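Below is one structure, written out as structure tokens; the observations come after it.
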Amino acid sequence: MDLPVGIRTLQRTDRWVGGPLCAILTLFRKIFEAAGRPGPRQFRRILFVKFAEQGSTVLAYPAILRAIEMVGRENVYFVVFEDNRFILDVMEIIPDGNVITIATHSLFGLATGALRALLQVRKIGIDAVVDMEFLTRFSAILTFMTGAKSRVGFHTFFGDGPYRGDLMTHRLLYNPHLHTSQMFEAMVEALTRDPSVLPTFDFTPSANQPLARFRPSLSEVAEINALLQRENPRIGSAPLILLNPNASDLLPLRRWPALRYVELAQRLLERYPELFIGFTGAPAEAAPNKQLAEEVGSSRAIPLAGKTTLRQVLVLYTRSEILVTNDSGPAHFASMTPIRVVTLFGPETPALFSARSPNSTALWAGIACSPCVNAYNNRQSVCRNNLCMQAITVDDVFERVKRIYDSLKSTSGN
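Add 259 to the 1-based position in the sequence shown for this note's numbering, that's all there is to it.
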């Protein structure tokens, strides 16, 4: 997702405007909110706050299922940035009308959109809110302003992260050793506990969590096959490996050098004469995507950026054998399909953010300064030279892809 406002602008606004607002609202809370934190209470409607990072929304699937188990599908709601609604619609886990969006075309639009969202939430009568953003002030403010009596979120008890006031009733400690999907599950479970015992509570997250599944219609599969046929009439039902250079990533440090995708494609095409390579990407990446495909120097390299909708990209995954991508949304979208995924990690760690699918493989160089982006630094880094991604060689990726593809061929042959 490419936010029109800009990620740095949002981060600065969150810090310099959100910080003081959190302090003011905390004072307001201490004066006017009933003394003492509430014990476990009954609730009928649960709201999730998860503005950005659609991949994280996929990781929240087990947590959403737990909320549905508590209050029913029709009583689970989401507040998201407008550009992040897509994945919730694809997951089909809650009613369409329960997704409340906030536009991000400008800071003014963001503010007015947040106000409209708050009015809508208060009209619904939300009892409990789960703030799944990592220590951001904006989400803490919105969570508090919903008026919900039960509010779950991360709290910095000893200054061990960005200040966001004291606006939650159920305060949890962010655990950098627990996978994100398990952390989200724990947040929902915290609603069943007495807030006075938190952040300590006797809950062990599931080791084998359920996975979201994407099931395209036959007509959607036919559309993708027709698209591939138009792009290259020779492809037929030939095997297809997808490369996702992700030139518009929210965190540029996560990018793998573009020319390495070219070399990887060349080596794969040379080794497997039956194979086709597709370069995927957002519409804004169409020009560089096409250039990379041309540099491969083969008619079996197909540029696909900007030629599909987001939903069609997921359909394309069901038609393809392997996806190679950096740590970004596509790695998690693909986990909803049968495709094998090789994900390249650098500034962030697969221990927390890898897809949970057994079809997913993570490559991480593990150099001393990696990971450098985390919840405590608001996902910012002083790094301007992503050696952690450059340390992952074409040989590393080629060998891993070759191993997976050979295994698929062997299984298909048998």
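Every residue gets a Cβ at the ideal spot worked out from N, C-alpha and C, and that includes glycine.
Keep in mind the model is a prediction, meaning the values are calculated, not measured.
Under the three-state DSSP convention, the category Ala560 falls into = Here residue 560 is taken as the residue at index 301 of the sequence shown, counted from 1. Strand at Ala560.
query = Starting from Thr602 and walking both ways along the beta strand (DSSP E), at which residues does that stretch end?
reply = For the purposes of this step, residue 602 is taken as residue 343 along the sequence shown, with counting starting at 1. 599 to 604 is the span of the beta strand (DSSP E), which, as asked, contains Thr602.
inquiry  = Short of 7 Å in beta carbon distance, which residues of its chain neighbour Gln649, apart from the five on each side in sequence? Order them along the chain.
reply    = Translated into positions along the sequence shown, residue 649 becomes position 390. Pro516.
task = Buried or exposed for Arg381, please, with buried defined as at least 16 other CB atoms from any protein chain shown within 10 angstroms of its CB.
result = Locating residue 381 in the sequence shown gives position 122, where the first residue counts as 1. When all chains shown are included, Arg381 counts as exposed.
message = Beta-carbon within less than 8 Å of Ala523's beta-carbon, same chain only, minus the 5 sequence neighbours each way: which residues are those?
response = To locate residue 523, count along the sequence shown from 1; it is residue 264. The residue asked about is misnamed: residue 523 is Leu in this sequence, not Ala. Leu502, Val583, Val653, Val656, Phe657, Val660, listed in sequence order.
query = Hey, would you say Phe310 sits closer than 8 Å to Asn343, going by beta carbons?
reply = Within the sequence shown, the letter at position 51 stands for residue 310. Within the sequence shown, the letter at position 84 stands for residue 343. The answer is yes: Cβ separation under 8 Å.
query = Enumerated in chain order, which unbroken segments of the beta strand (DSSP E) with a length of 3 residues or greater are wholly contained in the segment 391 to 428?
reply = Taken in chain order, the whole beta strand (DSSP E) runs of length 3 or more contained in the segment 391 to 428 are 409 to 413.
query = Can the beta-carbon of Ala282 be found closer than 8 Å to that of Gly384?
reply = The residue labelled residue 282 in the question sits at position 23 within the sequence shown. The residue labelled residue 384 in the question sits at position 125 within the sequence shown. No, these two residues do not count as a Cβ contact at 8 Å.
key: Straight-line Cα distance separating Asp461 from Val276   = For the purposes of this step, residue 276 is taken as the residue at position 17 of the sequence shown. For the purposes of this step, residue 461 is taken as the residue at position 202 of the sequence shown. Rounded to the nearest angstrom, the gap between the Cα atoms of Val276 and Asp461 is 36 Å.
ask   = When the Cα atoms are used, what is the spatial distance from Met260 to Val308?
value = Against the sequence shown, residue 260 aligns to sequence position 1. Against the sequence shown, residue 308 aligns to sequence position 49. Note on Met260: pLDDT 45, under 50, position unreliable in the model; no value is reported.
ask   = Contact check, Ser478 vs Leu318 under 8 Å by CB: the rounded distance?
value = Counted from its first residue, the sequence shown places residue 478 at position 219. Counted from its first residue, the sequence shown places residue 318 at position 59. Ser478 to Leu318, Cβ: 30 Å. No contact.
inquiry  = Suppose you measure from the CA of Phe592 to the CA of Ile536; what does that come to, to the nearest Å?
reply    = In the sequence shown, counting from the first residue as 1, residue 592 sits at position 333. In the sequence shown, counting from the first residue as 1, residue 536 sits at position 277. Distance between the alpha carbons of Phe592 and Ile536 is about 19 Å.
task = Kindly give me the distance between the Cβ atoms of Tyr739 and Leu306, rounded to whole angstroms, as I take these residues to be in contact under 8 Å.
result = Residue 739 cannot be examined here, being either before or after the span of the chain that is shown, 260 to 673.
key: Phe413 vs Leu394 beta-carbon contact at 8 Å   = As a working mapping, residue 413 is identified with position 154 in the sequence shown. As a working mapping, residue 394 is identified with position 135 in the sequence shown. Taking 8 Å as the Cβ cut-off, Phe413 and Leu394 qualify as a contacting pair.
Three-state secondary structure assigned by DSSP to Asp261 = The residue labelled residue 261 in the question sits at position 2 within the sequence shown. Any answer about Asp261 is weak, because its pLDDT of 46 lies below 50 and its placement is not dependable; what the coordinates show is given next. In the structure shown, the three-state DSSP call for Asp261 is coil.
message = Between which two residues does the beta strand (DSSP E) holding Ser258 run?
response = Only positions 260 to 673 of the chain appear in the structure, and residue 258 is not among them; the question remains open.
message = Between which residues of its own chain and Arg332 is the CB-CB distance below 8 Å, once the five residues before and five after are set aside?
response = Residue 332 sits at position 73 when you count from the first residue of the sequence shown. Here the set comprises Ile352, Ile353, Pro354.
ask   = Residues bridged to Arg430 by DSSP?
value = Locating residue 430 in the sequence shown gives position 171, counting from the first residue. Residue pairing for Arg430: DSSP places it in a beta bridge opposite Gly412.
message = On the CB-based measure, 16 or more other CB atoms within 10 Å of its CB, does Cys628 come out buried or exposed?
response = Mapped onto the sequence shown, residue 628 falls at position 369. Cys628 should be labelled exposed.
Alpha-carbon spacing of Ala362 relative to Gly372, whole angstroms = The sequence position of residue 362 within the sequence shown is 103, counting from 1. The sequence position of residue 372 within the sequence shown is 113, counting from 1. Rounded to whole angstroms, the gap between the alpha carbons of Ala362 and Gly372 is 6 Å.
ask   = Quick one, are the C-beta atoms of Pro464 and Leu324 less than 8 Å apart?
value = On the sequence shown, position 205 is the one that residue 464 refers to. On the sequence shown, position 65 is the one that residue 324 refers to. No, the pair does not count as a contact, with Cβ atoms beyond the cut-off.
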